[in-house]
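For reference, the structure is listed below as structure tokens.
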Amino acid sequence: MEVIVQKTPADMSRAAAREVANVLNAKPNAVLGMATGSTPLGLYQELVRLHKRGELDFSHVTTFNLDEYVGLPITHPQSYHQFMHENFFRHINIPPQNIHIPSGTTNNYPAFCAWYEQRIRDAGGIDLQILGIGSDGHIAFNEPGSSLSSRTRLKTLSKQTIDDNARFFERRDDVPVYAITMGVGTILDARRLVLVASGKGKAKAIAQAVEGPVTSMVTASAIQMHREATVIVDDAAAAGLEMRDYYEFIYAAKPSAPKS
Ligand code: GLP
10 MEVIVQKTPA DMSRAAAREV ANVLNAKPNA VLGMATGSTP LGLYQELVRL
60 HKRGELDFSH VTTFNLDEYV GLPITHPQSY HQFMHENFFR HINIPPQNIH
110 IPSGTTNNYP AFCAWYEQRI RDAGGIDLQI LGIGSDGHIA FNEPGSSLSS
160 RTRLKTLSKQ TIDDNARFFE RRDDVPVYAI TMGVGTILDA RRLVLVASGK
210 GKAKAIAQAV EGPVTSMVTA SAIQMHREAT VIVDDAAAAG LEMRDYYEFI
260 YAAKPSAPKS
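Basically my numbering = 1-based index in the sequence shown + 9.
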């Protein structure tokens, strides 16, 4: 696993955008896995900026979002459909039919989840999956206890996640209790993972995910099993990393490393 420590959230976003841009430059019809939350916002803004400057083209890109709240119509201001359209899709040139976001209003969740998994396979699999991390160590909505080989399915949110996400809703009671989410196994199938985290509220979860044991209690720790995972954190989110100096040494030495 590569760990990149950047000074500020803006530096973190730019570093993550470079990873996405590298994939798109090498493969213009890449399949991207998208994440929601406040952390990847800066990354999306950076990608939009590169697109507006004519440096990134999304006309052949396909996307799959990680998750969606159950019960929120796609027009709800806090639905992840709205989030993605407002913050990213409506600013770039991706064809609408190439966008996939789990449905939080289907009348048959098992069938929808199986279809979503099949759509990912039909698209050739995810080339690069963007990830955030919950303060309880979750990726997507894979809460503590989620099987590390889970697939897309319905999950009950943890109290911690409901508390964390209550800031976006008028009342805590308005936060949905269920979500539909890609599984940890679905995420690990992506060819490349880029996890972003900023702020001191994520320091403990990052330390557990990067340096702790692989455990379903911290589902982000499963990325230790992935061969191409990059964790990009700002200074505050790196605060709990014991091996920070070593990660910085590796990163500084990277440009001079033999290429073949
Ligand atoms: C939600 C999302 C996760 C995201 C997490 C952290 O729970 N399902 O994908 O990583 O929020 O969000 P934030 O970046 O706002 O801290």
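C-beta atoms are modelled at their ideal positions from N, C-alpha and C, and glycine is treated no differently.
Owing to the predicted nature of the structure, the values given are computational and were not obtained by experimental measurement.
- Relative to the non-hydrogen atoms of the ligand GLP, the Cβ of PHE150 comes within a distance shorter than 7 Å of at least one.
- Using a 10 angstroms sphere on the CB of SER265, the tally of other CB atoms stays under 16, which defines it as exposed.
- Beta bridge pairing from DSSP links LYS61 with no other residue.
- Checking the 7 Å criterion, the Cβ of THR45 is within range of a heavy atom belonging to the ligand GLP.
- Taking 8 Å as the cut-off, the beta carbon of TYR125 is found closer than this to the beta carbon of THR161.
- In the three-state reduction of the DSSP assignment, GLY51 falls in the helix class, which pools H, G and I.
- Where ASP173 is concerned, the enclosing alpha helix (DSSP H) starts and stops at 168–174.
- Around the beta-carbon of GLY210, fewer than 16 other beta-carbon atoms lie within 10 Å, marking it exposed.
- As computed with DSSP, GLY42 is found in a beta bridge with PHE73, GLN138.
- Per the C-alpha coordinates, the member of GLY208, ILE103, ASP172 positioned closest to ALA19 is GLY208.
- Judged by the Cβ position, LEU202 fails to qualify as a neighbour of the ligand GLP at the 7 Å threshold, every heavy atom of the ligand being at least this far.
- If you ignore the 5 residues before and after ALA247, its C-beta comes within less than 6 Å of the C-beta of VAL14, ARG253, all in its own chain and listed in chain order.
- Residue burial is scored here from C-beta neighbours: GLN138 has at least 16 other C-beta atoms within 10 angstroms and is therefore classed as buried.
- Judged by pairs of C-beta atoms under 8 Å, the stretch 22–34 does not touch the stretch 173–192, as fewer than three such pairs exist.
- Beyond the five residues adjoining it in sequence on each side, GLY141 comes within less than 8 Å, by CB distance, of ALA44, THR45, GLY46, THR48, PRO49, ILE148, LEU204, VAL205, ALA206 in the same chain, given in chain order.
- The beta carbon of GLY154 lies closer than 6 Å to those of SER225 in the same chain, with the five residues before and after it left out.
- Excluding sequence positions up to five before and after GLY221, its CB lies within less than 7 Å of the CB of VAL227, SER230, all in the same chain and listed in chain order.
- The distance from the Cβ of GLU77 to that of ILE110 is about 6 Å, consistent with a contact at the 8 Å cut-off.
- Your pair VAL193 and SER144 does not check out as a contact, with CB atoms roughly 18 Å apart and the cut at 8 Å.
- C-alpha of ILE103 to C-alpha of HIS69: approximately 7 Å in a straight line.
- DSSP, read as helix, strand or coil, puts LEU157 in coil.
- In this structure, CYS122 and ILE189 form a Cβ contact; the two beta carbons are roughly 7 Å apart against a cut-off of 8 Å.
- Taking C-beta separations shorter than 6 Å and ignoring five residues to either side along the sequence, the partners of ALA175 in its chain run ARG181, VAL184, following chain order.
- Under the DSSP assignment, LEU33 falls in the alpha helix (DSSP H) whose first and last residues are 18–35.
- 8 Å or more divides the Cβ of LEU52 from the Cβ of ALA35.
- It is roughly 10 Å from the alpha-carbon of LEU33 to the alpha-carbon of GLU64.
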